[in-house]
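First residue of the sequence shown? That's 1 in the numbering used here, and the numbers climb one at a time after it. For every residue, glycine included, the Cβ atom is placed at its ideal position computed from N, Cα and C. Before any comments, here is the structure.
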Amino acid sequence: MVKEERVTAIDKDSDAQLTFKLLTFQNLFQIDSLSGKITVITKINWEDGNTHFELAVVVSDGKGTSNPGIMNVTIEDINDNFPVLVTPLVHTIDE
Ligand SMILES: [Ca+2]
Ligand SMILES: [Ca+2]
Numbered sequence: 001m002v003k004e005e006r007v008t009a010i011d012k013d014s015d016a017q018l019t020f021k022l023l024t025f026q027n028l029f030q031i032d033s034l035s036g037k038i039t040v041i042t043k044i045n046w047e048d049g050n051t052h053f054e055l056a057v058v059v060s061d062g063k064g065t066s067n068p069g070i071m072n073v074t075i076e077d078i079n080d081n082f083p084v085l086v087t088p089l090v091h092t093i094d095e
């Protein structure tokens, strides 16, 4: 589960047409170039230590000016693992 999921930007120029592009972790996330919405495109396993990502994003105004930035994404643990018994499955118990 992703906590923050949208990149936003402002441009004081009235003719700015902002678009977003993801520069890092493109194998895990994608960004909607118009809305800035971040989506996960593959399975990210929290148990493997994948708890936090710093995504490098660049916003362009369509007029030749752009600016990079960092978006922090925190991955939350969800209940996606079944409990597993770790004791031996065969026991000898006195009558
Ligand atoms: Ca501008
Ligand atoms: Ca989990």
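Identify the continuous beta strand (DSSP E) that holds residue i and give its terminal residues.
i	result
Ala-9	Segment: none, Ala-9 is in no beta strand (DSSP E) and carries neither H nor E.
Val-86	Looking at the DSSP string, Val-86 is not in any beta strand (DSSP E), and its letter there is neither H nor E.
Leu-18	From DSSP, Leu-18 is part of no beta strand (DSSP E); its letter is neither H nor E.
Gly-49	Premise fails: Gly-49 is in no beta strand (DSSP E) and is neither H nor E.
Asn-67	66-74
Val-40	38-40
In chain order, what residues of the same chain lie with their CB nearer than 8 Å to the CB of residue i, ignoring the 5 residues before and after it?
i	result
Thr-42	Asn-27, Leu-28
Asn-81	Glu-47
Kindly indicate which three-state DSSP category residue i falls into: helix, strand or coil?
i	result
Glu-54	strand
Phe-25	coil
Near residue i, which residues of its chain fall below 6 Å by C-beta distance, leaving aside the five closest residues on each side in sequence?
i	result
Thr-51	Ile-75
Ala-9	Leu-18, Val-59
Using a Cβ-Cβ cut-off of 7 Å (strictly less than) and excluding sequence neighbours within five positions of residue i, which residues of its own chain qualify?
i	result
Ala-25	For clarity, residue 25 is Phe in the given sequence; the question names Ala instead. Taken in chain order, the residues that qualify are Phe-53, Leu-55.
Practice item. Starting from the N-terminal end, write out each residue whose C-beta falls within a distance shorter than 6 Å of any non-hydrogen atom of ligand 1. Key: Asp-11, Asp-13, Ala-16, Asp-61, Lys-63, Thr-65
Practice item. Please list, following the chain, all residues that have a C-beta closer than 7 Å to any non-hydrogen atom of ligand 2. Key: Trp-46, Glu-47, Asp-77, Ile-78, Asn-79, Asp-80, Asn-81
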